[in-house]
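First up is the structure itself, then whatever we jot down about it.
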Amino acid sequence: MTKALSDINHWRTDLFDSIANPMACLELFDYLPQVYMYVKAADGRYLRANRVVCRVVGVEDESSIIGKTDLDFFPPATATQYIEEDRRVVASGETLTDQIWLVPDSRGVPQIYSCNKIPLLNQAGDVVALAGVKRPYHDSDAPESGHLRLLKVVQFVTQNYGDQIAVADLAREANLSPSQLHREFIRLFGITPNHYIREVRVGVARHLLESTQEAIGSIAASTGFYDQSHLTRQFKASTGITPTEYRRTYSPLG
């Protein structure tokens, strides 16, 4: 390192150390409407969450999420996935980049997001926390190869999840064969097209279970499942609990 660069680094470090309220920088994330930003302690408890995160977990402000974990806000299967990924960062001490997650929008429809997480160290070099951001996949720096045509497939599913959808239908949207679509979907998003269809339908069902008193059989019909039994099987595979248990636990309507 040259002396000039060393001097600049010392100047920068001294300046940051002199700031009385360094966490104020994190408030800027409240002005990024589609970006999820959070800081968690190594044990999974939230230290900081922006407005988007608060909206997703269903709290009015950050004070209602600080000190709690994902298990307080998400179904067991979903929370476990979040926790396991966090533990990977804490255990390895390494940054995790461009991980794909399905994040529900205001209608409950899961949208594809790119997630990045970094470990935060104490003075001794131990990981004591981690910080993460999620942003829409179409705004990410992910490889462009196959990007736009698969986003057409994603859009098709989110607009037609209530109808019967075959992989062949999706392949036509992307101008690919079903086997090519299967490979490309796994390469870019880490899941199969059928898995994505299921998660979109379950995501909308979750939203309806939370926000309405609509009968579960009716929800099954409107979200593309064959019947209530089909919804129940797919819902439990995705979340770890049945629709009835989910409504009992997460719906404010009782």
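So for the sequence shown, numbering that gives the first Met the number 0 puts the first residue at 0; every next one is plus one.
Backbone N, C-alpha and C fix where the C-beta goes; we use that ideal spot for every residue, glycine too.
Helix, strand or coil, according to DSSP, for residue i in the structure here?
| i | result |
| --- | --- |
| L230 | helix |
| A40 | strand |
| R197 | helix |
| I18 | coil |
| T102 | Before going on, a small fix: residue 102 reads as Val here, not Thr. DSSP places V102 in strand when its eight states are reduced to three. |
| R11 | helix |
| P242 | helix |
| D6 | helix |
| G216 | helix |
| F188 | helix |
| E59 | coil |
| Q202 | First, the amino acid is wrong: residue 202 is Gly here, not Gln. G202 falls in the helix class under three-state DSSP. |
Tell me which same chain residues have a C-beta within less than 7 Å of the C-beta of residue i, skipping the five on either side of it?
| i | result |
| --- | --- |
| P142 | In this predicted model, P142 has a pLDDT of only 49, less than 50, meaning its place in the structure is not dependable; the value taken from the coordinates is given anyway. Contacts found: none. |
| E213 | L207 |
| P74 | T238, G239, I240 and Y245 |
| A78 | D69 and L70 |
Relative to the alpha-carbon of residue i, which residue among the options has its alpha-carbon at the smallest distance?
| i | options | result |
| --- | --- | --- |
| Y249 | S113, A219, T211 and Q227 | T211 |
| N159 | Y225, Y136 and R200 | R200 |
| C53 | G43, D42, A40 and F72 | F72 |
| D29 | N20, R44, L14 and A48 | A48 |
| F234 | E209, L252, G202 and P251 | G202 |
Checking the sheet assignment: what are the DSSP bridge partners for residue i?
| i | result |
| --- | --- |
| A48 | Y37 |
| P251 | P251 is not bridged to any residue. |
| P32 | Looking at the DSSP assignment, P32 forms no beta bridge with any residue, so it has no partner. |
| P109 | P103 |
Who are the Cβ neighbours of residue i in its own chain at under 6 Å, not counting the five residues just before and after it?
| i | result |
| --- | --- |
| V152 | L169, E172 and A173 |
| I196 | V156 and I164 |
Excluding the five sequence neighbours on either side, which residues of its own chain have a C-beta within less than 8 Å of the C-beta of residue i, listed in chain order?
| i | result |
| --- | --- |
| L119 | V38, V126, V127, A128, L129 and A130 |
I'd like the ranges of any alpha helix (DSSP H) spanning at least 4 consecutive residues and lying wholly in the stretch 111-184.
146-159 and 166-173
Residue ranges of each alpha helix (DSSP H) run of no fewer than 4 residues wholly in the stretch 66-96, ordered along the chain?
75-91
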